[in-house]
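Last residue of the sequence shown? That's 158 in the working numbering, and every number before it is there in order.
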Amino acid sequence: MVETTLSGATHHILTNDYASEWMGIEVLKLDDGHATIRMNLRQEMLNGFGMAHGGMIFAFADTAFALACNPANPTPKQAANITVASGVDINFIKPAYQGQVITAVANRRASTGRSGLYDIQIYAADASATPSPDAPGELIAEFRGRSRTISKK
């Protein structure tokens with residue numbers, strides 16, 4: 006599974022996340038209210054125009070959103086709840102193509118009570134490039150997520 010980060014930290018929500026596993030998502034960084042992930046764009050992730058399918062970009066950003074919303078090591082009180090999307094918007098800025106590496110950087114912007122607001126930027130870079138944390142490639146999409154914390158059932 007994709008539960009291990011480069012630093013060796015784990016996130017419990019990835020344990021049975023078969024969609025993220027299929028996408029080949031790699032967790033680069035986890036902090037409270039923050040997550041950075043990346044994946045390689047494969048042929049089966051493309052649309053009929055030969056560019057990344059919008060649904061793939063959305064699903065990728067949604068995983069970063071979920072990781073930023075939920076603590077990697079929840080306290081017993083936190084473990085009784087999960088934080089889910091109550092609504093999202095995505096704006097596609099430019100296309101990404103097969104063989105590129107995409108990176109999503111998710112950050113909490115606000116949190117009050119059981120509600121939160123998160124911004125996720127998605128970048129693309131050629132696989133041969135050496136992206137840095139400060140410059141992970143060209144911005145291809147902006148995702149804004151609204152979260153709600155609910156009881157785990």
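Each residue gets a CB set at the ideal place from its N, CA and C atoms; glycine is no exception.
- The beta carbon of Lys99 sits closer than 6 Å to the beta carbons of Ile145 from its chain, once the five residues preceding and following it are set aside; these are given in chain order.
- In this chain, the beta strand (DSSP E) harbouring Gln105 covers 105-117.
- A residue is called buried when at least 16 other Cβ atoms come within 10 angstroms of its Cβ; Phe70 meets this threshold and is buried.
- Taking a cut-off of 8 Å on C-beta distances, the region 146-156 touches the region 106-126, as three or more cross pairs fall below it.
- The continuous stretches of alpha helix (DSSP H) do not include Ile98, and DSSP gives it neither H nor E.
- Look at Phe54 here: in three-state DSSP terms it is coil, with no helix or strand label.
- A straight-line Cα-Cα distance of about 11 Å links Val106 and Ile30.
- For Leu46, the three-state secondary structure derived from DSSP is coil.
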